[in-house]
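Q: Chains F and V supply the protein sequences, listed in that same order.
Sequence positions in the first sequence follow this note's numbering and run 2 to 171.
Sequence positions in the second sequence follow this note's numbering and run 2 to 171.
There are 2 protein chains.
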Amino acid sequence: MKQEPLSRSAETEAPSPRKYAANENVDFGPLANWVGFHLRLAQTASFQAFAQEARAVDLSPGRFATLMLIGRNPGISQTALASANGRDKSTLTPILEDLERRGFILREKMKTDRRSYQLTLTESGKKMLDQLTVCARRHDDNLDRIIGPKDRAKFLKILQKIAAEIGRDE
Amino acid sequence: MKQEPLSRSAETEAPSPRKYAANENVDFGPLANWVGFHLRLAQTASFQAFAQEARAVDLSPGRFATLMLIGRNPGISQTALASANGRDKSTLTPILEDLERRGFILREKMKTDRRSYQLTLTESGKKMLDQLTVCARRHDDNLDRIIGPKDRAKFLKILQKIAAEIGRDE
DNA sequence: GTGAATTAGTTGGGTACAAAACCAATTTCG
DNA sequence: CGAAATTGGTTTTGTACCCAACTAATTCAC
């Protein structure tokens, strides 16, 4: 399975019935330099690669950020977690159920506000987080290697800027 | 429904039993400068914003790249399309069914190879693509504004590099 | 030329996600 | 106080996606 170059413009000048094999040049048109499109491609690829790494410890990549955030912010609520995580709170419900069932986190009703839970890691959760951190670091080193150390900081900053500013106002 | 800024400090200064409101500062730990995480956040945010734009023409953002690629490469096969698009071919099946049902594309069996389809846009599909292109350009201009014109090319190149290189070999 | 491998597309099973409707606890306000 | 609004979390519904297994058409090998 080869991965095709993914960016090249063909001429399509004879609109005869061309045959497009999977690895043939494809004309991306304006897509070729639109950020949103390549953001998606890059994210998908990166996600897949991380999933590969994380398969070793049997925990999907989405779980990782969740564990890390709980570990770093013991007592955090589900809503705060969802927001930090960039996902809807409803998305978290099944994930947290699963993590609790597997003994990685604790969910305790807060005394002061019995609607919300305080989330914390169990010992086993901490251990899992450590393992995952190793995977994640390997994955991120990999990304670093591709990006190049010079551009990394700038690149990261732009990503953050996008996440922070895109949906608001206009 | 307002979209919260995602990073803002509120003062809740009684630090006793810490309460993590949705907009409070959260410690991201090593996550804070890991590329994969921010790649996901940025992609999600961008996707949401585009979905917003595209809602006007009642076509989900995923459809856009599909239409564009068909428009630019008339006669392309589903497999080639999936590959250019960075998605599994099985993902495309229902999407193409839908686009066909709505009269935006044609799927014709190839004479030379009756396994595969040749995909082309109908007139109505071209019109839709034009509308979408306007939305997409607006969206992308928006991203450009955030990224800044200086860094845009570099940023794009890095994204492409990630998509192209991440999963392979090692 | 017939059987084995390959290829295009579909189907089925499963995960991840968001949006909207909902429930229960809590706060606000008349 | 007590009704209305708000907030934390869950449920339901629907979409997008991948993977593995499958069918049908085609090519390859001998």
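Backbone N, C-alpha and C fix where the C-beta goes; we use that ideal spot for every residue, glycine too.
From a predicted model like this one, the values you see are computed outputs, not experimental measurements.
I need the boundaries of the beta strand (DSSP E) containing F:Leu32, first residue and last residue.
A: First-last for F:Leu32: undefined, no H or E at that position.
Q: Between F:Ala55 and chain V, is there a C-beta pair that is closer than 8 angstroms?
A: Judged by the 8 angstroms Cβ criterion, F:Ala55 is not in contact with chain V.
Q: Anyone know if the C-beta pair for F:Ala57 and F:Cys136 falls short of 8 angstroms?
A: Against a cut-off of 8 angstroms, the Cβ pair of F:Cys136 and F:Ala57 comes out as a contact.
Q: In angstroms with no decimal places, state the Cα-to-Cα distance between F:Lys151 and F:Ile77.
A: Between F:Lys151 and F:Ile77, the C-alpha separation is close to 35 angstroms.
Q: Quick check: F:Ala52 and F:Leu133, are their CB atoms within less than 8 angstroms of each other?
A: Cβ distance not < 8 angstroms, so F:Ala52 and F:Leu133 don't count as in contact.
Q: Which of the residues in the segment 120-136 of chain F, read from start to end, lie with their CB under 8 angstroms from any CB of chain V?
A: Those residues of the segment 120-136 of chain F that come within reach of chain V (Cβ to Cβ, closer than 8 angstroms) are Thr134.
Q: For F:Glu5, would you say it is in contact with chain V, using Cβ-to-Cβ distances shorter than 8 angstroms as the test?
A: In this predicted model, F:Glu5 has a pLDDT of only 31, less than 50, meaning its place in the structure is not dependable; the value taken from the coordinates is given anyway. Interface residue, yes.
Q: So, is V:Arg139 buried or exposed, given that buried needs 16 or more other C-beta atoms within 10 angstroms?
A: The residue is exposed, with fewer than 16 neighbouring Cβ atoms inside 10 Å.
Q: Just by C-beta distance, which residues in the segment 85-107 of chain F are closer than 7 angstroms to chain V?
A: Listed by position, the residues of the segment 85-107 of chain F near chain V (Cβ gap below 7 angstroms) are Ala85 and Gly87.
Q: Taking the Cβ atom as the reference point for each residue, do V:Leu120 and V:Arg108 lie within a distance shorter than 8 angstroms?
A: Closer than 8 angstroms, so yes.
Q: Sorted by chain position, which residues of the same chain lie with C-beta nearer than 8 angstroms to F:Asp145's C-beta, five sequence neighbours on each side aside?
A: Only Arg153 meet the Cβ criterion.
Q: Tell me, to the nearest whole angstrom, how far the beta carbon of V:Ser125 is from that of V:Phe156; I am working on the premise that it is less than 8 angstroms.
A: About 35 angstroms; that fails the 8 angstroms criterion.
Q: Leaving out five residues before and five after V:Pro75 in sequence, what residues of the same chain have Cβ atoms less than 6 angstroms from its Cβ?
A: Cβ neighbours of V:Pro75 beyond the five flanking positions: Thr121.
Q: Would you list, in chain order, the members of the segment 31-54 of chain F that have their beta-carbon closer than 8 angstroms to a beta-carbon of chain V?
A: Those would be Pro31, Leu32, Asn34, Trp35, Val36, Gly37, Phe38, His39, Leu40, Arg41, Leu42, Ala43, Gln44, Thr45, Ala46, Ser47, Phe48, Gln49, Ala50, Phe51 and Gln53, in chain order.
Q: Thinking F:Ile167 and V:Asn143 are a contact (beta carbons under 8 angstroms), I'd like their distance in whole angstroms, please.
A: That pair is a contact at about 7 angstroms.
Q: Please name the residue, chosen from V:Asp28, V:His39 and V:Ser61, that lies closest to V:Ile172 on a Cα-to-Cα basis.
A: Because chain V in this structure spans residues 2 to 171, residue 172 of chain V falls outside the shown range and cannot be described.
Q: Count the other CB atoms, across all protein chains shown, that sit within 10 Å of the CB of V:Gly149; report buried if there are 16 or more and exposed otherwise.
A: Flag for V:Gly149 reads exposed.
Q: Nearest by alpha-carbon distance to V:Ile159: which of F:Asp114, F:Met69, F:Ser117 and F:Gln44 is it?
A: Selected option, being the one with the closest Cα: F:Gln44.
Q: Taking the beta carbon of V:Arg73 as the centre, do at least 16 other beta carbons fall within 10 Å, making it buried, or is it exposed?
A: With 16 or more other Cβ atoms within 10 Å, it is buried.
Q: Quick one: Cα of V:Gln101 to Cα of V:Gly63, how far?
A: Checking the sequence, you will find Glu at residue 101 of chain V rather than Gln. Going by the C-alpha atoms only, they are around 15 angstroms apart.
Q: In whole angstroms, what separates the C-alpha of F:Asp59 from that of F:Leu42?
A: Spanning the two alpha carbons is a distance of roughly 25 angstroms.
Q: Where do the ends of the alpha helix (DSSP H) carrying V:Thr121 lie?
A: Careful: V:Thr121 lies outside any alpha helix (DSSP H), inside the beta strand (DSSP E) at Tyr118 to Leu122.
Q: So with CB distances below 9 angstroms, who are the chain V contacts of F:Glu109?
A: By Cβ distance, chain V contributes nothing, its closest Cβ being about 12 angstroms from F:Glu109, past 9 angstroms.
Q: Specify the secondary structure class of V:Leu60 as computed by DSSP and reduced to three states.
A: In the structure shown, V:Leu60 sits in coil (DSSP, three-state: anything other than H, G, I, E or B).
Q: Can you tell me whether F:Lys110 is helix, strand or coil according to DSSP?
A: Three-state DSSP puts F:Lys110 in a strand.
Q: What's the gap between the Cα of V:Gln161 and the Cα of V:Gly37?
A: Near 14 angstroms, if we compare the C-alpha coordinates of V:Gly37 and V:Gln161.
Q: Rounded to a whole number of angstroms, what is the C-alpha to C-alpha distance between F:Gln79 and V:Ser91?
A: Their backbone Cα atoms lie some 34 angstroms apart in a straight line.
Q: Out of F:Ile163, F:Ala46 and F:Ala33, point me to the one whose CA is closest to V:Arg88's CA.
A: Per the Cα distances, F:Ala46.
Q: By how many angstroms is the C-alpha of F:Leu130 removed from the C-alpha of V:Met69?
A: Computed Cα separation, rounded: 42 angstroms.
Q: Compute the beta-carbon to beta-carbon distance between F:Ala66 and V:Leu32, rounded to the nearest angstrom, for a pair I have assumed lies under 8 angstroms.
A: So it is a contact: roughly 6 angstroms between Cβ atoms.
Q: Where does V:Asp114 land, buried or exposed, given buried means 16+ other C-beta within 10 angstroms?
A: By the 10 Å Cβ count, V:Asp114 comes out exposed.
Q: On the DSSP bridge list, what partners appear for V:Ile77?
A: Paired residues: V:Leu120.
Q: Spatial neighbours of V:Ala164 within its chain, please: C-beta separation below 6 angstroms, excluding the five flanking residues on both sides.
A: Contacts found: none.
Q: Using a cut-off of 9 angstroms between C-beta atoms, extract the partners of F:Lys1 located in chain V.
A: The requested residue 1 of chain F is not part of the displayed model; chain F covers only 2 to 171.
Q: What residue does the alpha helix (DSSP H) around V:Phe156 start on, and which one ends it?
A: Unbroken alpha helix (DSSP H) run through V:Phe156: Pro150 to Glu166.
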